Amino acid sequence: MAAASAAQLTANGALKMATTSQAYLEGDKVKETKSLIAELCRHFYNQGWVSGTGGSITIKVHDESVPKSEQLIVMSPSGVQKERMVDEDMYIMASDGSILSAPVAKPTPHKPPKCSDCAPLFMKAYQMRNAGAVIHSHGMESCLVTMLNPLAKEFRITHMEMIKGIQGHGYYDELVVPIIENTAYESELTESLAEAIKAYPKTTAVLVRNHGIYVWGDSWISAKTQSECYHYLFDAAIKLHQLGIDWTTPAHGPIQNAKISSLAPNGSIKPSRRCIVLDIEGTTTPISFVTDVLFPYARNNVGRHLDATYDSAETQQDIKLLRAQVQQDLENGVAGAVCIPADDAGKMEVIAALVANVEAMIKADRKITALKELQGHIWQTGFQNNELEGLVFDDVPAALEKWTALGIKVYIYSSGSRLAQRLLFGHTKHGDLRIFLYGFFDTTVGNKRETKSYAEITASLGVDNPSEILFVTDVYQEATAAKAAGLDVIISIRPGNGPLPDNHGFRTVKSFSEI
0 MAAASAAQLT ANGALKMATT SQAYLEGDKV KETKSLIAEL CRHFYNQGWV SGTGGSITIK
60 VHDESVPKSE QLIVMSPSGV QKERMVDEDM YIMASDGSIL SAPVAKPTPH KPPKCSDCAP
120 LFMKAYQMRN AGAVIHSHGM ESCLVTMLNP LAKEFRITHM EMIKGIQGHG YYDELVVPII
180 ENTAYESELT ESLAEAIKAY PKTTAVLVRN HGIYVWGDSW ISAKTQSECY HYLFDAAIKL
240 HQLGIDWTTP AHGPIQNAKI SSLAPNGSIK PSRRCIVLDI EGTTTPISFV TDVLFPYARN
300 NVGRHLDATY DSAETQQDIK LLRAQVQQDL ENGVAGAVCI PADDAGKMEV IAALVANVEA
360 MIKADRKITA LKELQGHIWQ TGFQNNELEG LVFDDVPAAL EKWTALGIKV YIYSSGSRLA
420 QRLLFGHTKH GDLRIFLYGF FDTTVGNKRE TKSYAEITAS LGVDNPSEIL FVTDVYQEAT
480 AAKAAGLDVI ISIRPGNGPL PDNHGFRTVK SFSEI
């Protein structure tokens with residue numbers, strides 16, 4: 000092992016020497032990255048993002064022979080006319096941020112060269128998110144959008160097409176961008192930006208109030224695409240605000256200025272409820288619909304679905320998840336688990352083993368991501384072919400509409416995949432109910448019977464106090480876990496639901512009209 004470690008150190012040392020050699024620094028890959036930054040800065044200047052010498056950009060030198068974490072960094076300088084920059088103006092840095100090459104000073108009236116004041120912040124994105132490029136924009140919309148609510152710590156928007164351009168988000172998702180407070184000097188933002196990156200693991204951007212935005216991506220293409228989408232969404236929010244339209248709600252109705260509150264028993268004002276999180280089975284939807292309609296459809300069509308879509312990237316990812324789950328099940332002695340042969344055994348043999356495992360998982364009603372992802376894709380075909388129609392209790396649509404009108408944000412948390420949730424609410428006899436829903440949570444945030452799952456949801460929703468969230472479920476163990484996380488909880492009593500323990504201590508309702 001010592002010999003292997005020594006060999007690794009030797010290899011790393013040789014790699015570092017190779018990438019910091021003068022020949023490499025003057026090579027084509029570095030030159031191309033310098034030219035790209037100059038080109039992008041001219042483009043961003045025309046967008047109004049880097050005017051007045053403000054803003055900056057940095058890109059890693061893409062070289063497949065070098066691990067991403069070790070790739071060199073090219074960064075634009077500070078205090079220069081960004082639209083007039085040339086290749087020779089760029090700084091070249093090692094992966095740890097140390098300067099390897101600096102531009103030569105130019106005659107008056109040019110200022111002496113200086114590396115970007117954003118450098119420490121750029122390095123946080125590289126180190127904490129393994130970014131391939133980072134863009135800092137002073138675009139007007141990224142500045143103004145932080146002023147719409149001077150107390151807000153986040154920017155939120157949902158149901159806008161351009162949200163799809165943000166990594167990890169879809170049209171129906173709620174996009175959340177943290178906002179940090181501005182300081183007199185750029186470098187003083189470093190720690191607060193790092194804290195925001197840590198607190199919002201899904202974000203690819205951080206807004207700086209009255210200042211601008213930092214955006215990162217896996218590559219310069221990703222960073223540029225997302226920057227354009229963020230600026231579009233900020234501009235849309237500003238214009239919607241001017242029209243009195245709420246960009247944070249799925250229906251985009253009039254902005255609700257009134258605060259909903261009630262009196263506590265002692266006569267004091269109780270804070271208004273900001274969010275409602277709903278379970279599906281036994282809460283919005285009869286359990287029988289899931290057990291008698293959705294599960295049988297998935298079980299009866301799993302073979303057909305796998306055969307028809309076997310070579311697609313989506314199905315191959317489903318198979319990868321199932322292989323990992325089945326391997327774990329075999330090691331743990333889970334009943335019904337069957338070894339899945341390697342791909343070279345043939346498509347039909349692999350599918351047969353997959354079908355056997357999926358049938359066993361469905362029969363045991365297992366709440367595992369591998370199964371739920373595949374089920375969601377099977378149901379998607381069913382809904383698209385009008386072989387399935389989502390079912391909710393009759394009181395659900397009116398309640399969703401009422402809560403939305405009151406300014407209460409409604410989310411779904413179910414063991415079914417987010418895709419399956421969107422399909423169910425998007426195809427009902429009442430129409431598309433997704434216009435009333437702000438977002439969807441599944442078991443990727445955690446098991447529904449674990450307190451930490453609800454703590455994670457609370458952090459994602461950005462409330463000041465967990466008690467501002469109401470969770471509605473039919474399962475006592477879920478109610479207990481949510482209560483332990485500080486959420487307000489109501490248990491749903493619906494036809495076909497299981498019995499509750501005596502003296503369970505939770506408020507119950509038989510209809511959403513009671514909430």
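Position one of the sequence shown corresponds to residue 0 (numbering that gives the first Met the number 0), numbered consecutively onward.
Yeah, the Cβ is synthetic: ideal placement off N, Cα and C, and Gly gets one too.
Here the structure is a predicted model, which is why all the values come from computation and not from measurement.
Here's the rule: buried if 16 or more other CB atoms are within 10 angstroms of the residue's CB, otherwise exposed. What is Asp291? Along the sequence shown, read from residue 1 onward, the residue named residue 291 stands at position 292. Asp291 should be labelled exposed.
For Asp217 and Ala397, what's the separation of their Cα atoms in angstroms? Taking the sequence shown and counting its residues from 1, the one referred to as residue 217 is at position 218. Taking the sequence shown and counting its residues from 1, the one referred to as residue 397 is at position 398. The alpha-carbon separation between Asp217 and Ala397 amounts to approximately 43 Å.
Status (buried if at least 16 other CB within 10 Å, exposed otherwise) for Leu486: Taking the first residue of the sequence shown as position 1, residue 486 is located at position 487. Buried, because 16 or more other Cβ atoms sit within 10 Å of the Cβ of Leu486.
Status (buried if at least 16 other CB within 10 Å, exposed otherwise) for Lys258: For the purposes of this step, residue 258 is taken as residue 259 along the sequence shown, with counting starting at 1. In this prediction, Lys258 has a pLDDT of 40, which is less than 50 and means its spatial position is unreliable; what the coordinates show is noted afterwards. Exposed, because fewer than 16 other Cβ atoms sit within 10 Å of the Cβ of Lys258.
C-beta atoms of Val276 and Tyr410 nearer than 8 Å: For the purposes of this step, residue 276 is taken as residue 277 along the sequence shown, with counting starting at 1. For the purposes of this step, residue 410 is taken as residue 411 along the sequence shown, with counting starting at 1. Yes, they are a contact pair.
Here's the rule I'm using: 16 or more other beta-carbon atoms within 10 Å means buried, otherwise exposed. How should Ala104 be labelled? Stepping through the sequence shown from its first residue, residue 104 is reached at position 105. When all chains shown are included, Ala104 counts as exposed.
Under 8 Å, do Glu372 and Asp317 count as touching if we go by C-beta distance? Position 373 of the sequence shown, counting from 1, holds the residue named residue 372. Position 318 of the sequence shown, counting from 1, holds the residue named residue 317. Yes, the Cβ-Cβ distance between Glu372 and Asp317 is below 8 Å.
For the alpha helix (DSSP H) that Trp219 lies in, which residues bound it at each end? By 1-based counting over the sequence shown, the position of residue 219 is 220. Unbroken alpha helix (DSSP H) run through Trp219: 219-241.
Per-residue DSSP class, three states only, for Lys408: Working through the sequence shown from its first residue, we reach residue 408 at position 409. If DSSP states are grouped into helix, strand and coil, Lys408 belongs with the strands.
Is the stretch 219-229 touching the stretch 241-254, taking contact as three or more C-beta pairs under 8 Å? As far as the Cβ criterion goes, the stretch 219-229 does not touch the stretch 241-254, which means the pair count is below three.
Would the stretch 410-426 count as touching the stretch 303-322 if we require 3 or more Cβ pairs under 8 Å? No contact exists between the stretch 410-426 and the stretch 303-322.
Answer yes or no: do Leu370 and Val349 have a C-beta to C-beta separation smaller than 8 Å? Locating residue 370 in the sequence shown gives position 371, where the first residue counts as 1. Locating residue 349 in the sequence shown gives position 350, where the first residue counts as 1. No. Outside cutoff.
For Thr427, write down the residues that DSSP places opposite it in a beta bridge. As a first step, residue 427 must be located in the sequence shown, where it is residue number 428. Thr427 is bridged to Gly389, Gly430.
Per-residue burial, Gly504 [other beta carbons within 10 Å of its own, 16 or more giving buried]: For the purposes of this step, residue 504 is taken as residue 505 along the sequence shown, with counting starting at 1. Exposed.
Determine the direct distance from the alpha carbon of Ser77 to that of Asp116, and round the result to whole angstroms. The residue given as residue 116 occupies position 117 in the sequence shown. The residue given as residue 77 occupies position 78 in the sequence shown. When rounded, the distance between both Cα atoms is 6 Å.
Length at least 4, wholly inside the stretch 151-226: the alpha helix (DSSP H) runs in chain order: Within the stretch 151-226, the complete alpha helix (DSSP H) segments at least 4 residues long are 189-198, listed from N- to C-terminus.
Residue(s) in a DSSP beta bridge with Thr57: Start at 1 with the first residue of the sequence shown, and residue 57 comes out as number 58. Note: Thr57 sits in a beta bridge opposite Met74, Val133.
On the CB-based measure, 16 or more other CB atoms within 10 Å of its CB, does Lys223 come out buried or exposed? Indexing the sequence shown from 1 puts residue 223 at position 224. Counting Cβ neighbours within 10 Å, Lys223 comes out buried, since at least 16 surround it.
Residue range of the unbroken beta strand (DSSP E) whose run includes Tyr90: In the sequence shown, counting from the first residue as 1, residue 90 sits at position 91. 90-92 is the span of the beta strand (DSSP E), which, as asked, contains Tyr90.
Relative to the alpha-carbon of Asn521, which residue among Ile212, His158, Gly164 has its alpha-carbon at the smallest distance? Limits of the chain in this structure are 0 at one end and 514 at the other, which puts residue 521 out of reach.
In the structure shown, what three-state DSSP assignment does Thr368 receive? Taking the first residue of the sequence shown as 1, we reach residue 368 at position 369. Reduced to three states, the DSSP call for Thr368 is helix.
Would you call Ala336 buried or exposed, if buried means 16 or more other Cβ atoms sit within 10 Å of its Cβ? Within the sequence shown, numbered from 1, the residue matching residue 336 stands at position 337. Ala336 should be labelled buried.
Range covered by the alpha helix (DSSP H) that runs through Val471: Mapped onto the sequence shown, residue 471 falls at position 472. Run containing Val471: none in the alpha helix (DSSP H); it sits in the beta strand (DSSP E), 468-472.
Is DSSP giving Cys142 helix, strand or coil here? By one-based count along the sequence shown, residue 142 stands at place 143. Reduced to three states, the DSSP call for Cys142 is helix.
Our contact map puts Thr442 next to Thr368 with C-beta atoms below 8 Å; I'd like the distance itself, whole angstroms only. For the purposes of this step, residue 442 is taken as the residue at position 443 of the sequence shown. For the purposes of this step, residue 368 is taken as the residue at position 369 of the sequence shown. The Cβ separation is near 5 Å, so the contact holds.
Could you check which residue in Asp86, Thr18, Gly47 has the C-alpha nearest to that of Lys67? Residue mapping note: residue 67 aligns to position 68 of the sequence shown, counting from 1. When only C-alpha atoms are compared, the closest one is Thr18.
Go ahead and label Asp515 buried or exposed: buried means 16 or more other beta carbons lie within 10 angstroms of its beta carbon, across all protein chains shown. Since the displayed the chain opens at 0 and closes at 514, residue 515 lies outside it and no answer follows.
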